Structures are given as C-alpha cells and as structure tokens.
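Top line first, the protein sequences correspond to chains A and B.
So the first sequence is numbered by UniProt numbering: it starts at 1 and just counts up by one.
So the second sequence is numbered by UniProt numbering: it starts at 1 and just counts up by one.
Structure record follows, encoded as structure tokens.
Protein chains: 2
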Amino acid sequence: MTRQKVKMVYIENESSRKSTYKKRKSGILKKAYELATLCDVPIAVMIDSPYDLSPEMWPSREAVEHVVSEWNKLSVMEKTKKMVNQETFLQQRIFKSNESWKKMWKENKELEMKEVMFDCLSGKTSVTRTKKSDLRDFNCVIEQYLKDLNRRVEILKNHDSSSSSAADVATTTTHDINMPRFETGSSSAGFYDRIRDQIENSLNVKHNVKDLDLNKKQW
Amino acid sequence: MTRQKVKMVYIENESSRKSTYKKRKSGILKKAYELATLCDVPIAVMIDSPYDLSPEMWPSREAVEHVVSEWNKLSVMEKTKKMVNQETFLQQRIFKSNESWKKMWKENKELEMKEVMFDCLSGKTSVTRTKKSDLRDFNCVIEQYLKDLNRRVEILKNHDSSSSSAADVATTTTHDINMPRFETGSSSAGFYDRIRDQIENSLNVKHNVKDLDLNKKQW
DNA sequence: CGGACTATACTTAGGGG
DNA sequence: ACCCCTAAGTATAGTCC
Chain A
1 MTRQKVKMVY IENESSRKST YKKRKSGILK KAYELATLCD VPIAVMIDSP
51 YDLSPEMWPS REAVEHVVSE WNKLSVMEKT KKMVNQETFL QQRIFKSNES
101 WKKMWKENKE LEMKEVMFDC LSGKTSVTRT KKSDLRDFNC VIEQYLKDLN
151 RRVEILKNHD SSSSSAADVA TTTTHDINMP RFETGSSSAG FYDRIRDQIE
201 NSLNVKHNVK DLDLNKKQW
Chain B
1 MTRQKVKMVY IENESSRKST YKKRKSGILK KAYELATLCD VPIAVMIDSP
51 YDLSPEMWPS REAVEHVVSE WNKLSVMEKT KKMVNQETFL QQRIFKSNES
101 WKKMWKENKE LEMKEVMFDC LSGKTSVTRT KKSDLRDFNC VIEQYLKDLN
151 RRVEILKNHD SSSSSAADVA TTTTHDINMP RFETGSSSAG FYDRIRDQIE
201 NSLNVKHNVK DLDLNKKQW
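Dropping the structure here:
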C-alpha cells in the first residue's frame, strides 16, 4: 500500500511506463509554463515521444526554432571570436553558410505565411481552421503590415496627394510583406486579384544561396 | 509565516524572481532527466535565460538540434502529403529549400569536425581538451571511416595487389571523410603532410546550394 | 485502455545565517 | 549574494473503476 520511492531506472513494464510518461510529460510542460510566466524567460521543451503521434513542442514550434537559431548565432559568434588567423577562412565559411540558411529559413517562413493568407482569402480554408501557433505569427505579420501601412498613409496625407487611395498605398508600400487590409470591408472590389498578383510576384524572389566566393586557402 | 500559494504572475521583485528562477530551472532539468531515464524518451530543454551566461541546453546542443531537425523533417513530410495540386509547387519549394539547408548543415558539421581533427593532429589542441559532446560525434566519424577503410583493405587483399600499403588505401578511399588511421603508430612518417593535403582537397568541395530550378507557376 | 482518486514523495517559497 | 532549512504546496505511483 505504501508508495515507495521509485528508482531512477528505465521502467520495463510497458503500461506503467506509458502512464508515467503521460503524467510526467504534463508535469514538465506545466513547470515550463510556470517558469516562463513567473520569470519571463524564453524556454522551449521538445519531447520526441514514441507515445504521442507527433513530437511535443512547447510553447510552439516557432518559439523552439527561434531559441535554437538564436543559440546557433551566438555559438558561431563565439567561435568566430576565438579564431586564430590560420583558421579564419574555415570558420568564416561556416559562418556564412549558417547565415545563408538562416536567411533561407526566414524566406520559407514568409512563403508559408503567404500561403496560409492566400488560402484564407480564396476561401479554401478559414482562419478558424488555422493552427493556433500559426495564427500568432499571422497576427504578428498583419500588425507589422498595418503599422507600415499607417505610416505610409501619414506620409501621403502630409503630402496632400489626391490620388492616394488606400489600395494604392497597399500596393506601393515598401514593406515586402503584402496582404489585404482586413479592416476595410467595402473597398475590396478586385482586391483578391491584386493580392494574387502580389503573391505571384513575390514568388519570383531569388532563392538561390549566394555563391560564398571562397577561394582555396594556403595552409 | 505561512507560505502562501504563489500566483502565476510575473514576479516583480528581482531578487526573489532570480531565486525562483534558479530553483525552478534545476527542478525542470531534473524532471527532464527523470523522464528521459524512466521512459527512454528523447527530450530537449532550452532556457534562454538572462540570468545565466549562456542559454541552458539539455541534454546537449547536439541532442536539441537533432530533435529539432527530426521534427522539421517530419513536419515537411506531413505537409507534403496534405498538399493539393494547386499548392504543390510552393510546398515543394519549401521542401527543397529545407533539404538544402539540411545538407548545408551536415557539411558544416563535417567541416567543423575536420577542423577539430586537424587541430588534434597538429598538436594545437588535444583530444582531452575537446568538448565531450564533440568527442561523441568525432568518435562516430572515426568509426565510420575505419569501417570503410577495412572494407577497402579487404577488397585490395582479395585482388592481391602488391602495392597496397595501408597509407595508399587511406589516400584512395572513396569515402569523403579523410583522416589518419590511429591504430598504426609506426607508419606515420609523412602522414601529417598527407592529411594536410587531404583536408586541403576536401575544402574545394562545392558549397553553393544548387539552383532550385523552379519556374514561375500559373495559378 | 484512460480517467479519477489519494497517500506519499518531491518541490520550493520564505526565512535565517 | 549564497546556502540551508522546513513547512506548504504540488506531482505522481499505485489503485480502482
């Protein structure tokens, strides 16, 4: 009857192992949430469990990847600093390579986002059917865009230009993320087509990683 | 006197926040260790704390990155499967881009490894001064290389070639990871030079990411 | 198998040195 | 600041349904 202290060894019994896994997983995630809340610290937990269908990521895929990429950047910087002359070129190569895949990742992210947005616009999917974690990013981008848009409206207002309709602003914004203005429900005639064109254009962005332009080095 | 139930809100008081952080961080890491031990589940925890000098990674940088990359792979696969015709090209673009940075990452890993090995050989650093986590990778590569080498020795033995010394085998192996055979202590005359050449050659490997060869698509 | 329960083990807030 | 202590609060092993 008395619960005994569990030994820290692999639990052979399958069912009790799974039960323990479930209980403790939720325990850890709760603790992680608490630490994050109490101390406002970015924390990420990944559990690549064979018991769940997909690996558990907390608080979200994006957060986890963000932390990893930040860490990576730091690591590379540290290494770069420690370098001595003879090793510089090799480290730089690694650094540049890292930089380029980081850029590539960012571009992917944008493409994914645009796809979701396009789906929402075309009615293929609905915002309510979008994953919560994606929505967060989505929202973030929208807000960034709107801020940009408002800034531009301000500028045009000051110039007192007569041809500065909201739609024109949207298509001429310097910000590279293009999407509809959700708050204007009336002036959306032909808007769908414009968005489509914008997305099409954005897809022509070059995706090749730049030639790293490194020559063979003398040792 | 009586300890009260803490509210789940940010702790304003700096010192108690830090104290709580330290206690709870160690608590989480312990829990993570226990879950990993009891259930043999790959789990990774990252805490990008402003209180510690560097972000906390558990159990190790490699493990964390491995879990992330595995997850990424899975995610892409799932998405690819779910795709409908109209979206295929975009998804494929993401997929290919993902693939190429994965490849790039692998290449970086190899370059880093070679650098460590070269430093060890040249006496600039010692194996004992290498991080434990790096050593694990290091060892893995060495074993792979030796296995490859032995395979090749077998082949040459069967052909009864008279000029097949161990060194020749080493320089002609088809495996792209080149390093000395650590178990032969005697025949290492001029070996350092050979390794140097090999490393130099290996550095000429093309590192540009292939053109993804995607054309603008009709919607 | 998956919840719900509960006694016990563990964690940790708060306080003192 | 740090470590240590202890009681209060929490997690969870074992059990039942």
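The C-beta atom is built at its ideal place from N, Cα and C for all residues, glycine as well.
It should be emphasised that the depicted structure is a prediction, and the values quoted were computed from it without experimental measurement.
Asked	Found
Can you list, in chain order, the residues of its chain with a C-beta nearer than 7 Å to that of residue 11 of chain B? Leave out the 5 residues immediately preceding and following it.	17, 20
Less than 8 Å between CB atoms is the rule here; does residue 30 of chain A satisfy it with respect to chain B?	no
Which complete beta strand (DSSP E) runs does the segment 13-56 of chain B hold, if anything under 3 residues is left out?	43-47
Applying a beta-carbon distance threshold of less than 7 Å, which residues of chain A neighbour residue 5 of chain B?	Under the 7 Å cutoff, chain A gives no residues; its nearest Cβ is about 12 Å from residue 5 of chain B.
For the 8 Å Cβ check, are there 3 or more pairs between the segment 35-55 of chain B and the segment 40-56 of chain A?	yes
Which residues in chain A sit within 8 Å of residue 26 of chain B, going by Cβ to Cβ distance?	Ordered by position in chain A, no residue passes the 8 Å Cβ test against residue 26 of chain B, which lies about 11 Å from the chain.
With 16 other CB atoms within 10 Å as the buried threshold, where does residue 25 of chain B fall?	buried
Checking 8 Å against the spacing of the C-beta atoms, do residue 37 of chain A and residue 57 of chain B come in under that value?	no
Assuming residue 31 of chain A and residue 27 of chain B are in contact, meaning their beta carbons sit under 8 Å apart, how far apart are those beta carbons, in whole angstroms?	6 Å
What in chain B is Cβ-close to residue 34 of chain A, meaning under 8 Å?	8, 24
Residues in the segment 41-52 of chain B with C-beta within 9 Å of chain A's C-beta atoms, listed in sequence order?	41, 42, 43, 44, 45, 46, 47, 48, 49, 50, 51
Take residue 15 of chain B as the anchor and find which of A:39, A:2, A:5, A:34 has the nearest alpha-carbon.	A:39
Who are the Cβ neighbours of residue 29 of chain A in its own chain at under 8 Å, not counting the five residues just before and after it?	45, 56, 58
In whole angstroms, what separates the C-alpha of residue 5 of chain B from that of residue 155 of chain A?	52 Å
Could you check which residue in B:153, B:35, B:158, B:151 has the C-alpha nearest to that of residue 51 of chain A?	B:35
Would you say residue 38 of chain B reaches chain A, if we count a Cβ-Cβ gap shorter than 8 Å as a contact?	yes
Have a look at residue 158 of chain A and residue 151 of chain A and give me their C-alpha separation to the nearest angstrom.	11 Å
Under 8 Å, Cβ to Cβ, is there at least one residue of chain A near residue 11 of chain B?	yes
Spatial neighbours of residue 3 of chain A within its chain, please: C-beta separation below 6 Å, excluding the five flanking residues on both sides.	none
So for residue 185 of chain B, helix, strand or coil by DSSP?	Summary for residue 185 of chain B: the model assigns pLDDT 41, below 50, so the residue's position carries little reliability; its value from the coordinates is reported in the next sentence. Of the three classes helix, strand and coil, the one that applies to residue 185 of chain B here is coil, per DSSP.
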